[in-house]
Amino acid sequence: ETGVTQTPRHLVMGMTNKKSLKCEQHLGHNAMYWYKQSAKKPLELMFVYNFKEQTENNSVPSRFSPECPNSSHLFLHLHTLQPEDSALYLCASSQGGSGILSDTQYFGPGTRLTVL
Amino acid sequence: AQSVTQPDIHITVSEGASLELRCNYSYGATPYLFWYVQSPGQGLQLLLKYFSGDTLVQGIKGFEAEFKRSQSSFNLRKPSVHWSDAAEYFCAVTDLTGGGNKLTFGTGTQLKVEL
């Protein structure tokens, strides 16, 4: 496979469930990102990982827990979510490093999450 | 802080007509600018990017964009639109707060193509 892949593509969960989203990049990048895209709202950056270290947490509620075991994989663990968390969750990767102005992000297809 | 404005929420064009999507940025130094496209239910695909040099950049799918520093704009253009270009288009600028590696996105422009 090439590029950035995300699984599952669709997920329906109850508010008491625990689930995880998975992202894998095959581009040899060192930085990975989680974004939330809700209807009629701008794209929201949630987390950034650079060389497996979290470098950005954009005031995300603790019911979202990221994990980056290596530079190729990124997870988003979900528990006790709310209906307003229903959205498209996008993963992206880039070459990474610090202060690289030209760093270009490549996105996966997203996971459509519905919280009942 | 950097910001990106896409003034048009929706645009409708006829197939074969030319297209221009507007993007204005707010940034003190030389910006690093991107255009992405998102088809329904899909992720964002990079169309083109501008870092420096020639202010007219070519991208994939026949798109181009022109950087105009005097107008703080980076408008996306296509001479002849195809029905498959119907999608949402996002302009973005590199966000330098916190050491870079972040993008600030506009709110997007939804393009509809009439046959």
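These protein sequences, in sequence, are chains A and B. All residue numbers for the first sequence refer to our numbering, where the first residue is 12 and numbers rise by one. All residue numbers for the second sequence refer to our numbering, where the first residue is 627 and numbers rise by one. Ideal placement from N, C-alpha and C gives every residue a C-beta, glycine not left out.
Apply the 10 Å Cβ neighbour rule to Thr656(B) and answer buried if 16 or more other Cβ atoms are within range, or exposed otherwise.
-> exposed
Please decide whether Phe75(A) counts as near chain B, where near means a Cβ-Cβ distance under 7 angstroms.
-> Taking Cβ atoms only, chain B never reaches closer than 7 angstroms to Phe75(A), which makes this a no.
What beta strand (DSSP E) runs, 3 residues minimum, are completely inside the region 73-103 of chain A?
-> Those beta strand (DSSP E) runs which fall completely within the region 73-103 of chain A and span 3+ residues are 75-81, 84-90.
Could you have a look at Ser710(B) and say whether DSSP puts it in helix, strand or coil?
-> helix
For Leu112(A), decide whether its Cβ has a neighbour in chain B, counting only Cβ atoms nearer than 7 angstroms.
-> yes
With DSSP as the reference, label Arg20(A) as helix, strand or coil.
-> coil
Report buried or exposed for Val719(B), applying the criterion of at least 16 other Cβ atoms within 10 angstroms of its Cβ.
-> buried
Beta-carbon neighbours of Gly39(A), restricted to chain B and to distances below 8 angstroms = Simply none; closest approach about 16 angstroms.
Determine whether the Cβ of Leu670(B) lies closer than 7 angstroms to any Cβ atom of chain A.
-> yes
Considering only C-alpha positions, which residue in the set Gln664(B), Ile637(B), Ser644(B) is nearest to Glu690(B)?
-> Ser644(B)
Helix, strand or coil for Arg695(B) per DSSP?
-> helix
Output the distance between the C-alpha atoms of Ile686(B) and Thr27(A), rounded to the nearest integer angstrom.
-> 44 angstroms
Tell me whether Pro705(B) is buried or exposed, calling it buried when 16 or more other Cβ atoms sit within 10 Å of its Cβ.
-> Per the 10 Å Cβ criterion, exposed.
Nearest-angstrom Cβ-Cβ length linking Gln17(A) and Gly121(A), presumed shorter than 8 angstroms | 6 angstroms
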